[in-house]
Amino acid sequence: MFGFHLVLFWLSLFAYGAEAGLQLGGIAPKSPVRSALFAGLVLHGLFLAVRWFLTGHAPMAGLFESLTVFSFCSALSAFLLCRTGATMPAWKPLSILVLLPQAGAALVDKRLSPLYPALDTPWFATHVGFSFLGYGLFAAGLALALLYLRHGGEEVYRAAGRSALYGFSAFSAGMVCGGIWAFYAWGSYWIWTPKEIWSVILWVYFAALTHLKFIPAGKGWPGWGRRLEMGATAAGYFVMLATFLGVSLILRSSHSF
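Numbering (my numbering), first residue to last: 1398 to 1654.
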């Protein structure tokens, strides 16, 4: 069973690679469900389900599982936000954003391992699950923002705005669940580790991004133009990467890999 579930992982990686290759070659699918990305998402979901069954816990611990769940949520975001004729061109950059973390996961240790006692709680799974859903939606935001900056389009602009709003909402839910988990695990809702500090930075960034558009232009405030908003949406992906990977790989904390 261990070998079988890794076959599903490799097949999903191949499907994601095929989608990225087709997109870069200028070959777009006729519909979202008739795409290599959809096949990869289904295989990837089966892989995660089997791994969950084998370990008895949500597959969201360690570097391998974190990267592959990030890839899955990024792929899922394509079907949540980029499934219309106007927004599907965002699949070209998004397919690469799906492929890269899955390819990175292929290079690290894939062994099954039990959870640390502090992680063995539903609050951990909900905290990480909501956080990664937010990360995946931010990936769609980068792809849609790039599409808007190049070609414009009202529907693309609205989809990019939804990516920031939905991603911010999911990440906020993840922070709340993480605080509850931290209280039960360590007796404090917030202990200001490097990851938590960067989580606040990411939260404030997207809170500002999703609210500044509602402030009308006035004295001392030129207004929040669409191109500036889309540039900030694209940049938010890299703030997320610093929070997710940069801090966890470079700095020592309870969130380190």
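Glycine is no exception: its CB is placed at the ideal position from the N, C-alpha and C atoms.
Rounded to whole angstroms, what is the Cα-Cα separation between residue i and residue j?
i: His1402; j: Thr1465; result: 13 Å
i: Ala1570; j: Phe1527; result: 6 Å
i: Phe1476; j: Trp1520; result: 27 Å
i: Trp1583; j: Cys1479; result: 40 Å
i: Gly1501; j: Glu1551; result: 35 Å
i: Phe1565; j: Met1627; result: 15 Å
i: His1409; j: His1441; result: A small fix is needed here, since residue 1409 is Ser in this sequence, not His. Distance between the alpha carbons of Ser1409 and His1441: 5 Å.
i: Phe1603; j: Leu1497; result: 24 Å
i: Trp1600; j: Phe1444; result: 31 Å
i: Trp1407; j: Val1430; result: 20 Å
i: His1454; j: Val1644; result: 25 Å
i: Tyr1581; j: Ile1588; result: 13 Å
i: Met1457; j: Leu1504; result: 17 Å
i: Asp1517; j: Leu1606; result: 34 Å
i: Ser1463; j: Trp1488; result: 22 Å
i: Leu1512; j: Trp1578; result: 14 Å
i: Ala1417; j: Leu1642; result: 23 Å
i: Trp1621; j: His1608; result: 10 Å
i: Met1657; j: Ala1632; result: Here the chain has residues from 1398 to 1654 only, and residue 1657 is not among them.
i: Leu1419; j: Gln1499; result: 17 Å
i: Ala1446; j: Gly1423; result: 33 Å
Please list, in chain order, all residues of the same chain as residue i whose beta carbon is under 7 Å from its beta carbon, the five residues on each side excluded.
i: Val1553; result: Ala1483, Thr1484, Leu1541, Leu1544, Tyr1545
i: Tyr1634; result: Phe1535, Ala1536, Gly1538, Leu1539
i: Asp1506; result: Phe1461
i: Gly1575; result: His1524
i: Met1637; result: Tyr1532, Phe1535, Leu1599
i: Ile1493; result: Ala1417
Here's the rule: buried if 16 or more other CB atoms are within 10 angstroms of the residue's CB, otherwise exposed. What is residue i?
i: Trp1595; result: buried
i: Arg1448; result: buried
i: Ala1472; result: buried
i: Phe1524; result: In the sequence as displayed, the identity of residue 1524 is His instead of Phe. It counts as buried.
i: Leu1421; result: exposed
i: Ala1522; result: buried
i: Pro1490; result: buried
i: Thr1481; result: exposed
i: Ser1585; result: exposed
i: Phe1611; result: exposed
i: Ala1433; result: buried
i: Ala1515; result: exposed
i: Leu1646; result: exposed
Spatial neighbours of residue i within its chain, please: C-beta separation below 8 Å, excluding the five flanking residues on both sides.
i: Arg1686; result: Outside the displayed range of the chain (1398 to 1654) lies residue 1686, so it cannot be described from this structure.
i: His1548; result: Pro1486
i: Thr1640; result: Lys1592, Trp1595, Ser1596, Ile1598, Leu1599
i: Ser1474; result: Leu1491, Gly1533, Leu1534, Ala1536, Ala1537, Ser1560
i: Val1495; result: Tyr1413, Glu1416, Ala1417, Leu1434, Gly1437, Ser1468, Ser1471, Ala1472, Ala1475, Ala1536
First and last residue of the alpha helix (DSSP H) that includes residue i?
i: Tyr1581; result: 1551-1583
i: Ile1647; result: 1644-1647
i: Thr1493; result: As written in the sequence, residue 1493 is Ile, which differs from the Thr given in the question. 1488-1502 is the extent of the alpha helix (DSSP H) around Ile1493.
i: His1524; result: 1519-1548
i: Met1637; result: 1623-1638
i: Ile1424; result: Premise fails: Ile1424 is in no alpha helix (DSSP H) and is neither H nor E.
i: His1441; result: 1433-1452
i: Tyr1602; result: 1591-1608
i: Val1466; result: 1459-1478
What does a CB cutoff of less than 6 Å around residue i pick up in its chain, not counting 5 residues either side in sequence?
i: Thr1630; result: Gly1538, Ala1542, Ala1557, Ala1561
i: Phe1469; result: His1441
i: Leu1405; result: Leu1440, Leu1443, Phe1444
i: Leu1530; result: Cys1470, Ala1567
i: Thr1625; result: Checking the displayed sequence, the identity of residue 1625 turns out to be Leu instead of Thr. For Leu1625, where only same-chain residues beyond five positions count, there are no Cβ hits under 6 Å.
i: Pro1426; result: Ser1432
Check: For the 8 Å Cβ check, are there 3 or more pairs between the segment 1408-1419 and the segment 1430-1445?
Finding: yes
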